[in-house]
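Peer 1:
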Amino acid sequence: MNKLENQSYAERNKGPIFAVLSSLCYGLNNPLAALAAQNGISTTFSVLSRATFMFAISLTLAVMGKLDFKIPKEVRVYVVIMAIATALINLCYVGSINFISVSLAAIIFFTFPIQILLVSIIRGRQNIRTSDIIIFAVVFIGLIFVIVPDFNNIDPLGVSLAGLSSISATFLYFAAGVASRKLSPIILGFWVHVFVLPVLALSFLILSPNIVLNELSSYLPVLIMSLCYIGAYYFQMLSLRFTSVLISGLFFNTEPLLTAVAAALILDERLLFSQYVGGILIFVSLIIVSIRK
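Heads up: the sequence shown is residues 10 to 302, going by the working numbering.
Written as structure tokens, this is what we have:
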């Protein structure tokens, strides 16, 4: 009986579990990109590299698995929205940190789960209780503790870029919430990055056309980051297949916490007491959501 109950619980929480796995993989991206930057590799090159790996590996897996590349007519517009949103997130989020602090850019970007909540309330397609709104608020407060945003030297352009990346993430989630139920993560990864790659390649040529790798080992963080990105993207699509956009977005709030932990391990950054407090707030809130499900 317990075995059946455990299976039932795991089945019900498949979406949130995939969301946390996606957050873990995404959380490794920024520290690895920072490590690559210390080796003289620009962030635009890192972003282009991970998109190239996504395209190549998705194509290989699709061919080996004999998957159908055809996109059903009813989801084509959602795939296009996903491609545009993914390109904007890559360009705007990375671009924003040239004008504002990384912490401020992160806290602006992670308002997208709140945007998802507001859109869900306006659309009225989900039964949202007052307790749900409180949980979202507590999680966001936890994020502020984890990220510890720096409000000094606020640049309007940087804030605008971070805001645009956050809005793009909201569009991405709602579009992927439809497309991921019709297409496999592999096919979505392929088609989205077919459109994204030329945009990222052009931005790389404009912003940082020259790159010199003194040693091949200096590219290792980018390679690991690219593989993490592929896992993150596939897990994200699986999460949206098995749960609502609202729940997936809520559990995705674990990314900044996991990024902070990864930065402590990879870059020897010291975790602050406030980050521990924020982490506890986030995880307690998510455990409550998981139990309620």
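Ideal placement from N, C-alpha and C gives every residue a C-beta, glycine not left out.
If you're wondering where the values come from, they're calculated on a predicted model, not measured in any experiment.
Just list the alpha helix (DSSP H) runs in the region 160-197, keeping only unbroken ones of 4 residues or longer that don't cross its boundaries, in chain order.
Peer 2: Taking only runs of at least 4 residues, the alpha helix (DSSP H) segments lying wholly in the region 160-197 are 165-188.
Peer 1: Pair every Cβ in the region 133-148 with every Cβ in the region 196-211, then say whether three or more of these pairs are closer than 8 Å.
Peer 2: no
Peer 1: Give the secondary structure of Asp77 by DSSP, where H, G and I count as helix, E and B as strand, and everything else as coil.
Peer 2: coil
Peer 1: Classify Gln284: buried if its beta carbon has 16 or more other beta carbons within 10 angstroms, exposed otherwise.
Peer 2: Around the beta carbon of Gln284, 16 or more other beta carbons sit within 10 angstroms, so the residue counts as buried.
Peer 1: Would you call Pro165 buried or exposed, if buried means 16 or more other Cβ atoms sit within 10 Å of its Cβ?
Peer 2: exposed
Peer 1: Report the rounded CA-to-CA distance for Leu313 versus Phe282, giving the unit in angstroms.
Peer 2: Any answer about residue 313 is impossible in this case: the structure gives the chain only from 10 up to 302.
Peer 1: Is Ser105 closer than 8 Å to Glu264 when the C-beta atoms are compared?
Peer 2: no
Peer 1: Can you grab the Cα-Cα spacing for the pair Met234 / Val270, in whole Å?
Peer 2: 16 Å
Peer 1: Note down, one range per segment and in chain order, each alpha helix (DSSP H) of at least 4 residues found wholly within the region 76-145.
Peer 2: Taken in chain order, the complete alpha helix (DSSP H) segments of 4 or more residues contained in the region 76-145 are 85-97, 111-118, 121-132.
Peer 1: Is the beta carbon of Ile195 less than 8 Å from the beta carbon of Ala28?
Peer 2: Cβ distance not < 8 Å, so Ile195 and Ala28 don't count as in contact.
Peer 1: For a test of the three-state rule: what should DSSP assign to Ile26, helix, strand or coil?
Peer 2: helix
Peer 1: Taking C-beta to C-beta, are Ala171 and Ile109 nearer than 8 Å?
Peer 2: yes
Peer 1: One question on the structure: do Gly24 and Phe251 come within less than 8 Å of each other, judged by their Cβ atoms?
Peer 2: yes
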